[in-house]
Amino acid sequence: RKEVEQDPGPFNVPEGATVAFNCTYSNSASQSFFWYRQDCRKEPKLLMSVYSSGNEDGRFTAQLNRASQYISLLIRDSKLSDSATYLCAVKTVGGGADGLTFGKGTHLIIQP
Amino acid sequence: DGGITQSPKYLFRKEGQNVTLSCEQNLNHDAMYWYRQDPGQGLRLIYYSQIVNDFQKGDIAEGYSVSREKKESFPLTVTSAQKNPTAFYLCASRDQGASYNEQFFGPGTRLTVL
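Chains U and Z, in that order, are what the protein sequence lines are. According to the numbering used here, the first sequence holds residues 384 to 495 in order. According to the numbering used here, the second sequence holds residues 677 to 790 in order.
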């Protein structure tokens, strides 16, 4: 089983709509969770850290479900500029290398 | 401006050559990382360093080498032993004193083997 899995998409969503996607992780010892945004041929940029109680930053809401081992990202009132690939990343403490484990990303296309 | 810089942006290498990718940060971060990204793939960890003069192998270290002689610098050498080196290489750093382990990335180097 892959450690971090995402639906690759693409998700084609009309401008102004709400879109949500999930990321599942296999290691129950995972402790830190992140969403990164990556534009074409650019580096990943940190969008949000995902806290246990869930957190919101403007139009973006991140949730963590430890029981089912997934994190989610919700984007409200989507903008054309939200078109990008969204990578989830997981940090597992102890027992292995430092560093983040990334999913392959979910491609989001916001259509006018 | 504080940040992470990588050079060169594009690099072309002939088969059998070693090349070194530069990564510098002025964020005063202790930890630094190297990842590679292949098309349609997630990032995979090559090497990391949590302190000067110490580094550890990641998941795909074969064919790569690193050094950490200064806190600010973590160069990656892609050796001729790396069988498929064409990829997007990303350097990241992290403040180990921060509460939540966020990593921040440099702009990357695209390596192409001719």
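Virtual Cβ for every residue (Gly too), placed ideally from N, Cα, C. Note that the structure is a prediction, hence the values are computed from the model and not measured.
About 7 Å separates the CB atoms of Phe-417 of chain U and Glu-778 of chain Z; that is less than 8 Å, so the two are in contact. Pairing Tyr-434 of chain U with Pro-427 of chain U gives a Cβ-Cβ distance that is not under 7 Å. Boundaries of the beta strand (DSSP E) around Ser-741 of chain Z: 740 to 742. Under the criterion of beta carbons closer than 8 Å, Ser-464 of chain U and Val-396 of chain U do not qualify as touching, at roughly 13 Å. Contact with chain Z is absent for Gly-441 of chain U, since none of that chain's Cβ atoms lies less than 7 Å from the residue's Cβ. Runs of beta strand (DSSP E) with 3 or more residues, each lying fully within the segment 710 to 748 of chain Z, are found at 719 to 727, 730 to 733 and 740 to 742, listed in chain order. Residue-level contact check: Asp-481 of chain U touches chain Z, since one or more beta carbons of chain Z fall below 7 Å from its beta carbon. Less than 7 Å divides the Cβ of Gly-734 of chain Z from the Cβ of Tyr-724 of chain Z.
Annotation: Val-695 of chain Z to Thr-785 of chain Z spans about 12 Å, alpha carbon to alpha carbon.
Under the Cβ criterion of 7 Å, Phe-404 of chain U is not counted among the residues facing chain Z.
DSSP, reduced to helix, strand and coil, places Ser-683 of chain Z within a strand of the structure shown.
Under the DSSP assignment, Pro-751 of chain Z falls outside any beta strand (DSSP E); it carries neither an H nor an E label. Not flagged as an interface residue toward chain Z: Pro-393 of chain U, since no C-beta distance is shorter than 7 Å. By the rule that beta-carbons nearer than 7 Å mark a contact, Pro-783 of chain Z touches chain U. Going by DSSP, His-490 of chain U is part of the beta strand (DSSP E) stretching over 489 to 494.
Among the bridge pairs identified by DSSP, Glu-439 of chain U is matched with U:Thr-444.
Closest in alpha carbon position to Phe-394 of chain U, among U:Ala-403, U:Glu-388 and U:Val-387, is U:Ala-403.
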